[in-house]
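All the letters of the sequence shown, read from the start, carry residue numbers 144 to 261 under this note's numbering. The beta carbon of each residue, even a glycine, is placed where N, CA and C say it ideally should be. For reference, the structure discussed in these notes is given below.
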Amino acid sequence: MLQDYGHVGLLLVIALVFPFIALGASYVIQPRRPSLEKSLPYECGVDTVGTTWVRFRASYFLYALVFVVFDIETIFLYLWAVEFQQLGMFAFIEMFIFLSILVVGLGYAWKKGALEWK
């Protein structure tokens, strides 16, 4: 039984070690020629005007959060649909409750005006 997970463990070790090897190799072989021109902020080939930091509105965050929630819901719904025949009525009721909670949350956000673009 434990032998079956040996390949997964090896892949996990490789996945954790490889980024450090790649970063270390790039640090070792990179050319180091610092200059004033290279350290200046660069914006599409034109000198920057004003501040280079832009403040994003929180509405972008809310839309991204709603997207992630419904994206994960789609994954759960797909996995449930694939195994629907074997799961039976209990899983159907569970999925109905799960979707109901998400629809209630979406309705609440909609009613509060959280999805309005201001």
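- The DSSP-derived three-state label of Gly231 is coil.
- Between Phe219 and Phe241 the beta-carbon gap is near 7 Å, inside 8 Å, which marks them as a contact.
- For Val247, the secondary structure class from DSSP, reduced to helix, strand or coil, is helix.
- DSSP places Ala257 in the coil class of the three-state scheme, outside both helix and strand.
- In the structure shown, Glu226 adopts coil according to DSSP, grouped into three states.
- When DSSP states are grouped into helix, strand and coil, Val197 belongs to the coil group.
- Within the same chain, no Cβ atom closer than 7 Å to the Cβ of Met232 is found once the five residues on either side in sequence are excluded.
- It is roughly 18 Å from the alpha-carbon of Leu205 to the alpha-carbon of Thr217.
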